[in-house]
Amino acid sequence: MPRERDGTEETALVRIRSQRGSGENVTYGMNTITNFRFLFAKYLKSEGVAENAIKAHVWSYLQGEEPVGLMVSGGDSIVMLDEQRAKVSRAVAG
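So the sequence shown is numbered by UniProt numbering: it starts at 1 and just counts up by one.
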């Protein structure tokens, strides 16, 4: 967190008690899982899946019950194709 000391702005590292601070190793895994769930839900919504069914789709995917043909993820972006679209993409790519 930034602070001013003797007329100079500096960054102070703060240890948070009873919660994990951003950037600690333990948070990275959960941030990835949370981000994936959020982005997958947005993808399902864009595909016209009813809002009351999205949670079940996300859960079944995480359990390995719902196949995804192709998924690319990086940062805050995700590209997902169902099996049929992935087959078409692979066929076009040769």
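Note that beta-carbon positions come from the ideal geometry of N, C-alpha and C, so glycine has one too.
Collapsed DSSP secondary structure at residue i in the structure displayed
| i | result |
| --- | --- |
| Val58 | helix |
Integer-rounded CB distance, given that residue j should sit under 8 Å from residue i
| i | j | result |
| --- | --- | --- |
| Leu39 | His57 | In fact, because the Cβ distance is near 13 Å, the residues do not count as touching under 8 Å. |
Proximity below 8 Å, CB of residue i to CB of residue j
| i | j | result |
| --- | --- | --- |
| Ile54 | Ala41 | yes |
| Ser60 | Glu51 | no |
Reference residue i; option with closest CA among the options
| i | options | result |
| --- | --- | --- |
| Phe36 | Gly48, Val49, Leu62 and Ser46 | Leu62 |
| Glu47 | Met80, Met71 and Gly7 | Met80 |
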